[in-house]
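Q: One line per chain: the protein sequences are E and V, in this order. Take 4 as the starting number for the first sequence in the working numbering and just add one per residue. Take 4 as the starting number for the second sequence in the working numbering and just add one per residue. For each residue, glycine too, the CB sits at the ideal point set by N, CA and C. Got a structure for you, questions after.
There are 2 protein chains.
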Amino acid sequence: MDPAKPSQELLRSLTDEHVLRALMRHRLLTRAELSTETGISKPTAGESVRRLTEAGLVVDTGRRTPGGRGRGRVGSYYSLAPDVGTALAVSIAPEGVVAECHNAYGDLMARAQEPLGRPARPDDVTAALARAVDRVRQLAGEQPEAGTIHESPSNGVDPSIRPASPGPKPRLAVVSAADPVDRQTGRLLQLPDAPFLLGEIDPVAVLAGRVDGPVHVDNDVNWAAEAEWAAAPVDDFAYVYLDEGLGCAIVSDGEVRRGHRGVAGEVAHLITVGPGGRAMPLIEVFGELGLRCAGSTAIDVGRVLEERPPAVVTAVGGLIAALATLIDPEMVVIGGRWGMQLIDRIDQEVACSPRPVPVRAAKVQHEPALAGARTDALHRLRELIVGR
Amino acid sequence: MDPAKPSQELLRSLTDEHVLRALMRHRLLTRAELSTETGISKPTAGESVRRLTEAGLVVDTGRRTPGGRGRGRVGSYYSLAPDVGTALAVSIAPEGVVAECHNAYGDLMARAQEPLGRPARPDDVTAALARAVDRVRQLAGEQPEAGTIHESPSNGVDPSIRPASPGPKPRLAVVSAADPVDRQTGRLLQLPDAPFLLGEIDPVAVLAGRVDGPVHVDNDVNWAAEAEWAAAPVDDFAYVYLDEGLGCAIVSDGEVRRGHRGVAGEVAHLITVGPGGRAMPLIEVFGELGLRCAGSTAIDVGRVLEERPPAVVTAVGGLIAALATLIDPEMVVIGGRWGMQLIDRIDQEVACSPRPVPVRAAKVQHEPALAGARTDALHRLRELIVGR
DNA sequence: CATTCTAGTCAAGGCTCTTGCCTGGAAAGG
DNA sequence: CCTTTCCAGGCAAGAGCCTTGACTAGAATG
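Below is the structure:
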């Protein structure tokens with residue numbers, strides 16, 4: 004049965020949800036402001052605040068309405084309780100591991116980075132992941148209490164004052180990994196001819212003891228597409244990532260579609276047009292042209308950018324044509340180092356194809372995968388708090 | 004703001020929705036049965052029945068609880084009002100037009116078929132569509148009242164008794180067409196090298212005056228996939244249709260994904276492996292092998308089945324490999340005449356590919372597109388009745 | 001110091017839901 | 001035939017949630 008059972012309790016929980024969401028948007032509100040903000044009547048809003056305060060989700064900040072605002076009676080500002088919890092967003096890439104901790108308002112509470120040697124060995128990655136997460140918990144524990152307004156903390160938090168407490172565990176984690184991810188288990192998967200830069204890692208196992216709730220892992224390109232969608236919501240598009248590895252994310256009807264195992268868009272083995280018009284898997288085009296790094300599956304980005312071989316553009320054109328026929332996107336977004344550099348050539352190639360699609364460069368340039376993971380982590384944290 | 008605003012009216016409408024849905028499932032219920040069925044208390048259920056009766060959505064059938072059931076007081080059986088409306092499901096294919104009218108229980112009220120000449124001319128198709136819909140409305144108007152239980156009527160309704168009334172207009176229509184459909188306008192679209200069997204038809208325009216509500220048009224393969232999903236719910240699969248035309252439907256996360264224009268899965272121009280290992284569009288493989296009907300874009304099914312050329316199987320393997328990489332389906336379902344006949348060959352081909360996917364034949368064999376359209380029409384009618 | 005304005009509370013009223021009891025009527029059983 | 005058993009439906013009481021409207025307390029304005 005789809006619709007919720009009608010009951011008075013349902014109404015009450017809906018009211019509480021509205022109040023909590025209003026506080027997430029505005030961080031500091033009086034009961035009267037909550038009432039106008041949510042459209043709920045004053046007594047009901049006040050009652051909800053009483054309930055939520057009792058439950059420990061909301062606190063009276065002690066602050067009162069500033070004198071400048073008007074003449075009336077002073078009001079009490081309420082906000083989310085500082086212990087409603089935080090969300091962890093983690094990015095695992097060949098360059099290193101980045102972990103961020105955010106509160107329910109989306110404030111960055113702490114951030115930690117751990118570099119990785121190249122090539123990264125699986126054990127090193129796992130250790131770096133653990134260190135980054137431990138460090139970010141440590142830093143978050145040193146933060147001034149949430150609930151009082153403070154500047155988004157920069158990285159330069161003084162590490163000399165180090166209280167014993169490592170800070171409370173985040174209530175969930177969202178992890179981005181620069182490799183295919185198994186949708187069921189969250190483990191990194193080695194696929195034939197797909198890039199495999201990090202090794203067989205199990206982020207869920209590493210984070211299980213460090214997070215007090217669910218751990219969601221997905222491929223970095225999927226998260227980048229999520230960030231791209233947040234920046235410019237287009238319901239149907241494909242995100243093609245062209246760098247050391249080849250990736251692709253598919254957004255249909257406003258959501259990233261991951262497929263059964265979670266490896267939708269692992270395009271390395273897609274059959275496309277190779278040199279001389281022969282049909283061959285996309286990744287083999289690079290092999291034929293001698294553009295793969297020795298002893299690894301990675302593409303030699305420097306050489307691609309030097310030589311800019313037309314055969315590569317043709318091969319990418321074949322990939323985009325396949326996307327156009329199977330997915331019917333409104334546009335194709337190109338990310339990754341050599342993809343963005345060659346975007347004009349790719350655009351020309353696609354424009355002459357029988358099913359042309361607009362091609363444009365990714366808008367989110369700075370840490371796109373982490374940005375997507377962060378957005379998702381924040382969304383999930385909020386859902387958790389309102390009790391969905 | 005996502006969650007509904009809490010109000011007493013919300014509770015009431017939720018109760019009414021539960022009652023209506025229970026009546027849709029069970030067609031005939033007393034107030035006491037409604038109460039136990041929905042989990043709502045007796046007085047509340049009774050009050051809802053009173054409201055809905057007053058609103059004309061529910062009627063007292065006059066029938067009373069049968070003696071055999073127990074000793075207690077007799078109860079009144081309620082059911083949906085006979086005029087809550089009907090849904091129209093229409094299939095337009097080269098073989099002809101089929102129109103069906105269903106009530107909210109899913110009973111077939113009437114059915115009409117109109118053959119088409121081959122090749123079908125657009126004007127003929129439009130006229131046949133109009134005739135089929137008019138005829139089905141006529142037949143539905145002759146039906147005994149809904150609400151009293153009756154057998155699913157067979158096709159052989161005596162046309163001699165013909166009352167003047169053409170029957171009320173259906174509240175919505177869902178149309179399947181054997182050609183690409185524009186998602187925004189519902190018109191049939193001619194794409195380069197895609198099969199175009201019916202011509203430039205605008206079903207929305209034809210049905211606008213004949214239906215008292217929205218008209219939804221989509222490609223027949225998408226509807227077939229919908230029916231396949233209803234028969235065996237698999238969240239992620241692809242439906243490949245291999246007949247005169249080449250089609251493909253994509254189901255991700257339990258929904259058919261149509262893409263931006265609605266032409267996701269129009270695979271005729273997908274680049275695959277052609278004869279001699281050359282890369283070429285799928286449909287051109289048939290051109291190269293001389294397997295297309297003269298003077299049309301259609302594939303000569305008879306010749307394909309006679310010759311069973313390995314090159315065709317290889318080309319289809321390339322299509323499925325592309326689906327596997329881009330969509331990551333749990334399985335691929337094969338439909339269409341020659342596709343089903345060659346399924347073993349296709350399965351072998353896919354099994355040796357680097358990303359093998361289980362391949363199986365379509366389970367819904369009888370009018371699959373109409374079955375999907377019917378399911379969807381029924382679902383939409385019910386949503387309309389409960390007032391979503 | 002009176003006025004004006006506003007946050008928060010109180011009181012009344014309306015709805016909706018639930019529990020529990022009662023009633024009328026039919027079958028079952030002696 | 002009369003009593004018992006059983007059940008659909010209705011009634012009454014009660015609790016909970018939301019709303020309107022009035023009231024109160026407290027601060028700034030003039």
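Counting only the same chain and skipping the five closest in sequence on each side, list residues whose C-beta sits under 6 Å from that of residue 239(E).
A: On the first sequence, residue 239(E) is found 236 positions in, with the first residue counted as 1. Correct list, in chain order: 255, 332 and 333.
Q: Answer yes or no: do residue 173(E) and residue 84(E) have a C-beta to C-beta separation smaller than 7 Å?
A: What you label residue 173(E) is simply residue 170 of the first sequence in a count that begins at 1. What you label residue 84(E) is simply residue 81 of the first sequence in a count that begins at 1. No, these two residues do not count as a Cβ contact at 7 Å.
Q: Taking Cβ positions, are residue 80(E) and residue 31(E) nearer each other than 7 Å?
A: Reading the first sequence from its first residue, position 77 is the one you call residue 80(E). Reading the first sequence from its first residue, position 28 is the one you call residue 31(E). It is a contact, given that the beta carbons lie within the stated cut-off.
Q: Can residue 143(E) and residue 170(E) be called in contact, C-beta distance under 7 Å?
A: Start at 1 with the first residue of the first sequence, and residue 143(E) comes out as number 140. Start at 1 with the first residue of the first sequence, and residue 170(E) comes out as number 167. Yes, these two residues count as a Cβ contact at 7 Å.
Q: Put residue 286(E) into one of helix, strand or coil per three-state DSSP.
A: In the first sequence, the residue the question calls residue 286(E) occupies position 283. Note: residue 286(E) maps to helix in three-state DSSP.
Q: So, for residue 341(V): in the same chain, excluding its five sequence neighbours on each side, which residues have a beta-carbon less than 7 Å away from its beta-carbon?
A: Indexing the second sequence from 1 puts residue 341(V) at position 338. 245, 246, 304, 307 and 308, listed in sequence order.
Q: Using the Cα positions of residue 271(V) and residue 321(V), report the straight-line distance between them to the nearest angstrom.
A: Locating residue 271(V) in the second sequence gives position 268, counting from the first residue. Locating residue 321(V) in the second sequence gives position 318, counting from the first residue. Answer to the nearest angstrom: the Cα atoms are 12 Å apart.
Q: Which two residues bound the contiguous beta strand (DSSP E) that contains residue 63(E)?
A: Against the first sequence, residue 63(E) aligns to sequence position 60. Its beta strand (DSSP E) spans residues 61 to 67.
Q: In whole angstroms, what is the alpha-carbon distance linking residue 77(V) and residue 24(V)?
A: Locating residue 77(V) in the second sequence gives position 74, where the first residue counts as 1. Locating residue 24(V) in the second sequence gives position 21, where the first residue counts as 1. Whole-angstrom Cα-Cα distance: 23 Å.
Q: Would residue 243(E) count as contacting chain V if we go by Cβ distances under 7 Å?
A: Along the first sequence, one-based indexing puts residue 243(E) at 240. Answer no: the Cβ-Cβ gap between residue 243(E) and chain V never drops below 7 Å.
Q: Pull the bridge partners of residue 281(V) from the DSSP assignment, please.
A: Locating residue 281(V) in the second sequence gives position 278, where the first residue counts as 1. Bridge partners of residue 281(V): 281(E).
Q: Measuring CB atoms only, is the stretch 288 to 301 of chain V touching the stretch 295 to 303 of chain E, in the sense that at least three cross pairs come out at less than 8 Å?
A: No contact exists between the stretch 288 to 301 of chain V and the stretch 295 to 303 of chain E.
Q: Could you check if residue 354(E) is buried or exposed, using at least 16 other CB atoms within 10 Å of its CB as the buried criterion?
A: Locating residue 354(E) in the first sequence gives position 351, where the first residue counts as 1. Label assigned to residue 354(E): exposed.
Q: Considering only their Cβ atoms, is the gap separating residue 220(E) from residue 178(E) smaller than 7 Å?
A: Within the first sequence, numbered from 1, the residue matching residue 178(E) stands at position 175. Within the first sequence, numbered from 1, the residue matching residue 220(E) stands at position 217. In contact: residue 178(E) and residue 220(E) (Cβ atoms closer than 7 Å).
Q: On the DSSP letters alone, give me the boundaries of the beta strand (DSSP E) that residue 105(V) sits inside.
A: Along the second sequence, read from residue 1 onward, the residue named residue 105(V) stands at position 102. From DSSP, the beta strand (DSSP E) with residue 105(V) extends over 99 to 106.
Q: Judging by CA-CA distance, which residue of 330(E), 329(E) and 280(E) is the nearest neighbour of residue 316(E)?
A: Along the first sequence, read from residue 1 onward, the residue named residue 316(E) stands at position 313. Checking every option, the nearest Cα to that of residue 316(E) belongs to 280(E).
Q: Might you give, ordered along the chain, the residues of its own chain that have their beta carbon closer than 6 Å to the beta carbon of residue 288(E), omitting 5 neighbours on each side?
A: In the first sequence, counting from the first residue as 1, residue 288(E) sits at position 285. The answer, listed in chain order, is 277 and 318.
Q: Between the beta-carbon of residue 16(E) and the beta-carbon of residue 372(E), is there less than 7 Å?
A: On the first sequence, residue 16(E) is found 13 positions in, with the first residue counted as 1. On the first sequence, residue 372(E) is found 369 positions in, with the first residue counted as 1. Cβ atoms of residue 16(E) and residue 372(E): not closer than 7 Å.
Q: State buried or exposed for residue 203(E), treating a residue as buried only when at least 16 other CB atoms are found within 10 Å of its CB.
A: Here residue 203(E) refers to the residue found at position 200 when the first sequence is read from its first residue. It is exposed - the Cβ of residue 203(E) has fewer than 16 other Cβ atoms within 10 Å.
Q: Mind listing, in chain order, the continuous alpha helix (DSSP H) runs of no fewer than 4 residues lying wholly within the stretch 255 to 327 of chain E?
A: Fully enclosed alpha helix (DSSP H) runs of 4 or longer: 285 to 291 and 304 to 310.
Q: Enumerate in chain order the residues of its own chain whose CB-to-CB distance from residue 366(E) is below 7 Å, with the five nearest sequence positions on each side excluded.
A: Working through the first sequence from its first residue, we reach residue 366(E) at position 363. Cβ within range, chain order: 231, 234 and 235.
Q: Residues of chain V with CB closer than 7 Å to the CB of residue 268(E), please, in chain order.
A: To locate residue 268(E), count along the first sequence from 1; it is residue 265. What residue 268(E) touches in chain V: 329.
Q: Strictly below 8 Å CB to CB, what residues from chain E border residue 20(V)?
A: Numbered from its first residue, the second sequence carries residue 20(V) at position 17. Per Cβ cutoff of 8 Å: 6.
Q: If you draw a straight line from the C-alpha of residue 38(V) to the C-alpha of residue 21(V), how long is it?
A: Counting from one through the second sequence, the residue named residue 38(V) turns up at place 35. Counting from one through the second sequence, the residue named residue 21(V) turns up at place 18. Going from the Cα of residue 38(V) to the Cα of residue 21(V) covers about 10 Å.
Q: Closest to residue 33(V) by C-alpha separation, out of 11(V), 100(V) and 49(V), would be which residue?
A: Translated into positions along the second sequence, residue 33(V) becomes position 30. Out of 11(V), 100(V) and 49(V), 49(V) has the C-alpha closest to the C-alpha of residue 33(V).
Q: Give a yes or no on whether the C-beta atoms belonging to residue 323(V) and residue 262(E) are separated by under 7 Å.
A: For this step, residue 323(V) is matched to residue 320 along the second sequence. For this step, residue 262(E) is matched to residue 259 along the first sequence. Their beta carbons are not under 7 Å apart, which means residue 323(V) does not touch residue 262(E) by this criterion.
Q: To which residues of the same chain is residue 344(E) closer than 7 Å at the C-beta, ignoring the five residues directly before and after it?
A: For this step, residue 344(E) is matched to residue 341 along the first sequence. Hits under 7 Å: 308.
Q: Could you check whether residue 46(V) and residue 14(E) sit closer than 7 Å to each other, using their CB atoms as the reference points?
A: Against the first sequence, residue 14(E) aligns to sequence position 11. Against the second sequence, residue 46(V) aligns to sequence position 43. For residue 14(E) and residue 46(V), no; Cβs fall outside 7 Å.
Q: So, helix, strand or coil for residue 187(V), using DSSP?
A: Here the question's residue 187(V) lines up with position 184 in the second sequence. Here residue 187(V) sits in coil by DSSP.
Q: Restricting to Cα atoms, I'd like to know which of 283(E), 223(E) and 290(E) is closest to residue 268(E).
A: Within the first sequence, numbered from 1, the residue matching residue 268(E) stands at position 265. Checking every option, the nearest Cα to that of residue 268(E) belongs to 223(E).
Q: Going by DSSP in three states, residue 33(V) sits in which element: helix, strand or coil?
A: For the purposes of this step, residue 33(V) is taken as residue 30 along the second sequence, with counting starting at 1. Coil, per DSSP.
Q: Examine chain V for any beta-carbon lying closer than 7 Å to the beta-carbon of residue 375(E), and answer yes or no.
A: On the first sequence, residue 375(E) is found 372 positions in, with the first residue counted as 1. Chain V, which has no Cβ nearer than 7 Å to the Cβ of residue 375(E), makes this no.
Q: At the level of alpha carbons, what is the spacing between residue 357(E) and residue 337(E)?
A: Within the first sequence, numbered from 1, the residue matching residue 357(E) stands at position 354. Within the first sequence, numbered from 1, the residue matching residue 337(E) stands at position 334. Rounded to whole angstroms, residue 357(E) to residue 337(E) spans 20 Å at the Cα level.
Q: Please state whether DSSP places residue 201(E) in a helix, a strand or coil.
A: Position 198 of the first sequence, counting from 1, holds the residue named residue 201(E). Residue 201(E): coil per DSSP, three-state reduction.
Q: Determine whether the beta carbon atoms of residue 229(E) and residue 375(E) lie at a separation below 7 Å.
A: To locate residue 229(E), count along the first sequence from 1; it is residue 226. To locate residue 375(E), count along the first sequence from 1; it is residue 372. Yes, these two residues count as a Cβ contact at 7 Å.
Q: Given a cut-off of 7 Å, decide if residue 248(V) and residue 312(V) are closer than it, judged by their beta-carbon atoms.
A: As a first step, residue 312(V) must be located in the second sequence, where it is residue number 309. As a first step, residue 248(V) must be located in the second sequence, where it is residue number 245. Taking 7 Å as the Cβ cut-off, residue 312(V) and residue 248(V) do not qualify as a contacting pair.
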